[in-house]
Amino acid sequence: MTDKIARAPLHVLEMQTQFGVGGITRHVLALRDWMRGQGHRVTLGGTGAAWAGPESEPDFLSLPTRFVSGEGGGLPARLMATARSAWTLRRWLKRNRVDLIHAHESAPALVANLARIGLGVPLAVTYHGSEPARIASFGKIAGKADLVITPSHRSAADLAGIGGVAKDKLKVLGLGVAPAPADSEDEIAALRRDLLGDGDRLIITVARLEHQKGIDVLIDVVARLIPDHPGLRFIVAGDGVDEAALKARAVEKGVAGHLNFLGRVNRPHLYLRAADLFLLTSRWEALPFTIVEAFQAGIPAVATACSGVVELIDDEVGAVVPIGDTGAIAGAVARIVGDEALRAGMAGAALEKSKLDRFDPDWVHRQFETTYYALAGRG
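Given below as structure tokens:
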């Protein structure tokens, strides 16, 4: 009987700043779906957006967490949003039995820390990466939680060394990446022909069009490569607030004919399978989903040396290059796509690497479930 009680289903509140398009939302929703599949109750809390909100989740807890972050404007407005969010959450916690809160990002972590005072509700916070300058401030907020989770060992080291988070509060838990559905070879080939045009090699980036992702750096890389490698074609799948400015920059740099902004695509896996190489020029990351998705598609990856990137890519599956170094990035791209034997060998190794347990959603989510039980005092 004791065993049965100890493993009774959990009620977890998963909090996020805003449930918009992106890797964090994908992770939260995949974790939600898996936990619900195991019989647990999962409530989502935060500001509703494209991928989740009151319309899709009947018991969604709407909070103005979006305005707690920098998007909220000046300090007085952000403080007001913080107070409103914490007050609403505290009232909800008093009416609903919850075993733990899992906050993703600093804004919901701050709100949860305030709301749970004196209520005895455990709090886990996940660090999904940030600008290096924000690690210290994130550490101050996250350090008040009971557990701080991050998907990469390098991020954990940064949180301890720069953020001041106690090492015994840190736990590294990866991100599960579900294999993409099958695509027909004919469809892949047709898409490749369409995207290549009169080119001979196709390089893909899947990313939001925002400062973090360094698409401006990508444009400069294309400008360096095209004079000596006119057959290269680059595509960017994704949208974002910087779209107009980035398209204008591509025109200004004279690369618009070699760089195609696709916007958001519904089947990114199809585009990955049509490409020769994945390229990510981010300024910061924790552990990017998209690199593993590239591996699953059987293509090598070149990415900047952001945190967990160095834990995903080695010389067998691609190249890690310095952040913002257009010369090094261009050199790595040219070296790999210019040597088909090298590229094909890396592609095969990437596909094999994608099959490791550390990327398997069921394996990863089971680690979260075990962690949740322990945090709730029922481990």
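Numbering (our numbering), first residue to last: 1 to 379.
Virtual Cβ for every residue (Gly too), placed ideally from N, Cα, C.
Please read these numbers as outputs of a predicted model, since none were measured by experiment.
Taking only the alpha-carbon atoms, compute the straight-line gap between residue i and residue j and give it to the nearest angstrom.
i: residue 242; j: residue 374; result: 42 Å
i: residue 152; j: residue 126; result: 11 Å
i: residue 168; j: residue 306; result: 24 Å
i: residue 253; j: residue 116; result: 52 Å
i: residue 322; j: residue 87; result: 44 Å
i: residue 97; j: residue 357; result: 34 Å
i: residue 60; j: residue 334; result: 48 Å
i: residue 244; j: residue 219; result: 13 Å
i: residue 83; j: residue 22; result: 27 Å
i: residue 39; j: residue 32; result: 11 Å
i: residue 178; j: residue 324; result: 30 Å
i: residue 343; j: residue 181; result: 24 Å
i: residue 47; j: residue 337; result: 42 Å
i: residue 30; j: residue 359; result: 13 Å
i: residue 346; j: residue 89; result: 48 Å
i: residue 340; j: residue 184; result: 23 Å
i: residue 372; j: residue 267; result: 32 Å
i: residue 314; j: residue 186; result: 31 Å
i: residue 171; j: residue 91; result: 30 Å
i: residue 235; j: residue 261; result: 6 Å
i: residue 150; j: residue 156; result: 6 Å
i: residue 380; j: residue 79; result: Here the chain comprises residues numbered 1 to 379, so residue 380 is not present and cannot be evaluated.
According to DSSP, residue i sits in a beta bridge with which residue or residues?
i: residue 281; result: None; residue 281 has no bridge partner.
i: residue 251; result: DSSP lists no partner for residue 251.
i: residue 204; result: 235, 278
i: residue 62; result: 46
i: residue 261; result: 236
i: residue 102; result: 14, 124
i: residue 150; result: 172
i: residue 41; result: 11
i: residue 304; result: 321
i: residue 52; result: 49
Give a yes or no on whether the C-beta atoms belonging to residue i and residue j are separated by under 9 Å.
i: residue 209; j: residue 239; result: yes
i: residue 159; j: residue 124; result: no
i: residue 36; j: residue 11; result: no
i: residue 364; j: residue 176; result: yes
i: residue 216; j: residue 246; result: yes
i: residue 409; j: residue 107; result: In the structure displayed, the chain extends from 1 to 379; residue 409 sits before or after that span and is not available.
i: residue 71; j: residue 45; result: no
i: residue 297; j: residue 282; result: no
i: residue 248; j: residue 207; result: no
i: residue 131; j: residue 17; result: no
i: residue 293; j: residue 269; result: yes
i: residue 361; j: residue 34; result: yes
i: residue 290; j: residue 280; result: yes
i: residue 145; j: residue 113; result: yes
With a 10 Å radius around its C-beta and 16 neighbouring C-beta atoms as the bar for buried, classify residue i as buried or exposed.
i: residue 251; result: exposed
i: residue 370; result: exposed
i: residue 213; result: buried
i: residue 73; result: exposed
i: residue 7; result: exposed
i: residue 109; result: buried
i: residue 85; result: buried
i: residue 64; result: buried
i: residue 75; result: exposed
i: residue 193; result: exposed
Excluding five sequence neighbours on each side, which residues of the same chain lie with their C-beta closer than 7 Å to the C-beta of residue i?
i: residue 256; result: 250
i: residue 263; result: 239
i: residue 199; result: 231, 232, 233
i: residue 275; result: 202, 203, 204, 299
i: residue 53; result: 19, 60
i: residue 93; result: 115, 116, 119, 121
i: residue 165; result: 139, 142, 143, 148, 159
i: residue 332; result: 302, 319, 321
i: residue 81; result: 64, 67, 68, 72
i: residue 26; result: 289
i: residue 229; result: 334
Which residues in the same chain as residue i place their Cβ atom closer than 8 Å to its Cβ, once the five residues preceding and following it in sequence are excluded?
i: residue 376; result: 10, 99, 100, 122
i: residue 154; result: 307, 308, 310, 311
i: residue 224; result: 326, 327, 330
i: residue 50; result: 19, 20, 21
i: residue 24; result: 16, 104, 105, 128
i: residue 191; result: 270, 271, 274
What does a CB cutoff of less than 6 Å around residue i pick up in its chain, not counting 5 residues either side in sequence?
i: residue 367; result: 173
i: residue 162; result: 135, 136
i: residue 57; result: 44
i: residue 295; result: 350, 353, 354
i: residue 95; result: none
i: residue 316; result: 349
i: residue 5; result: Any reading at residue 5 needs caution, since the residue's pLDDT is 43, under 50, leaving its predicted position unreliable; the model's value is listed next. Contacts found: none.
Is residue i near the ligand GDP, going by C-beta to nearest heavy atom under 8 Å?
i: residue 153; result: In the structure on display, the ligand GDP does not appear, and there are no ligands present to speak of.
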